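J.:
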Amino acid sequence: MADMRLKAYALAVLVFAADRFTKWLVETRVSFTDTHTVIPGFFDIVHSQNTGMAFGLFADSSSEWRTAILIVLSAAALVLVAAMLWTAPTMDRLSVAGLALILGGAAGNVFDRILFGRVTDFLEFYIGSLHWPTFNLADSAIVVGSALLLLDLMKPKRQPART
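Residues in the sequence shown are numbered from 185 upward in steps of one, following my numbering.
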């Protein structure tokens with residue numbers, strides 16, 4: 185039972201470490217004016233800073249409380265997800281993996297917000313002039329984790345055997 189918890193928290197730590205490493209690479213090697221084309225017309229590595237939430241929501245807010253509120257809400261979500269993972273032995277593996285990815289990704293972004301007041305984004309996908317908002321590895325982990333939770337919710341559940 186504890187083995188499932190350990191694996192879940194280890195996955196979250198791995199996601200956090202990978203997120204920090206990729207952000208460090210971008211912060212130290214990619215200027216704000218650089219664009220490194222990976223797939224022409226579709227995917228670039230850039231360097232941007234997001235002071236708002238996902239997709240830059242609230243980035244234009246002039247409130248002096250913006251960062252503090254985002255940190256408090258994010259920290260509360262971290263505690264909630266970490267507590268949910270504590271019940272890992274009673275959950276399906278898909279849910280455990282999803283929550284672990286969400287925990288690791290959220291921790292990476294909260295870490296940035298606490299230390300720097302912003303999050304580094306660098307993955308830019310686009311087709312022509314249509315651009316998806318720039319994001320990072322932590323955001324990707326959160327989205328994939330959420331998708332795993334949704335898949336688990338949609339999966340037919342086995343009915344307990346009747347006696």
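Heads up, the beta-carbon is just placed ideally off N, CA and C, and yes, glycines get one too.
A quick note: this is a predicted structure, and the numbers were derived from the prediction, not measured.
1. DSSP on N234, reduced to helix/strand/coil?
2. How close, in whole Å, do the beta carbons of S329 and L264 come, if the pair is a contact with beta carbons under 8 Å?
3. Measuring alpha carbon to alpha carbon, tell me which of A331, H231, E308 ends up nearest V225.
4. Report the option in A266, N234, S258, T217 whose CA atom is closest to the CA atom of F300.
5. Just to check, is the beta-carbon of G312 closer than 8 Å to a non-hydrogen atom of the ligand NAD?
6. Please report the distance separating the alpha-carbon of L335 from that of L278.
7. If contacts are defined as beta-carbon pairs under 8 Å, then S258 and V294 qualify, I think. What distance do you get, rounded to the angstrom?
8. Taking the beta carbon of R213 as the centre, do at least 16 other beta carbons fall within 10 Å, making it buried, or is it exposed?
9. Start and end of the alpha helix (DSSP H) containing D323?
10. So, T304 versus H231, is the Cβ gap smaller than 9 Å?
11. Going by C-alpha to C-alpha distance, which of A194, D296, P340, D187 sits closest to D323?
12. The alpha helix (DSSP H) that contains V214, what's its start and end?
13. Out of A325, P340, V280, L333, which one is the CA nearest neighbour of V199?
14. By how many angstroms is the C-alpha of F306 removed from the C-alpha of K207?
15. Can you tell me whether G312 is buried or exposed? The criterion is at least 16 other CB atoms within 10 Å of its CB, across all chains shown.
16. Determine the closest residue to A290 out of A194, L321, T217, with distance taken between C-alpha atoms.
17. Using only alpha-carbon positions, find the residue among P317, T217, T274 that is nearest to R149.
T.: According to the structure data:
1. In the structure shown, N234 sits in a strand (DSSP, three-state: E or B).
2. Reading the sequence as shown, one finds Gly at residue 329 and not Ser. Actually they are not in contact, since the Cβ atoms of G329 and L264 sit about 14 Å apart, beyond 8 Å.
3. It is worth fixing the name first, because residue 225 is Gly in this sequence and not Val. Comparing Cα positions, the closest option is E308.
4. Measuring C-alpha to C-alpha distances from F300 to each of A266, N234, S258, T217 identifies N234 as the nearest.
5. Within the structure as shown, the ligand NAD is missing, as the structure has no ligands at all.
6. Approximately 8 Å between the Cα atoms of the pair.
7. Between V294 and S258 the Cβ distance is about 4 Å, and since that is below 8 Å, they are a contact.
8. Classification of R213: exposed, given that the 10 Å Cβ count is below 16.
9. Secondary structure note for D323: its alpha helix (DSSP H) is the uninterrupted segment 321-338.
10. At a Cβ-Cβ threshold of 9 Å, T304 and H231 count as neighbours.
11. Of A194, D296, P340, D187, the residue nearest in Cα terms is D296.
12. Taken as a continuous stretch (DSSP letters only), V214 belongs to no alpha helix (DSSP H), as it is neither H nor E.
13. That would be A325, whose Cα lies nearest to the Cα of V199.
14. Their backbone Cα atoms lie some 8 Å apart in a straight line.
15. Exposed: under 16 other Cβ atoms inside 10 Å.
16. Of the listed residues, the one whose Cα sits closest to A290 is L321.
17. No information on residue 149 is available, as it lies outside the stretch 185 to 347 that the chain covers here.
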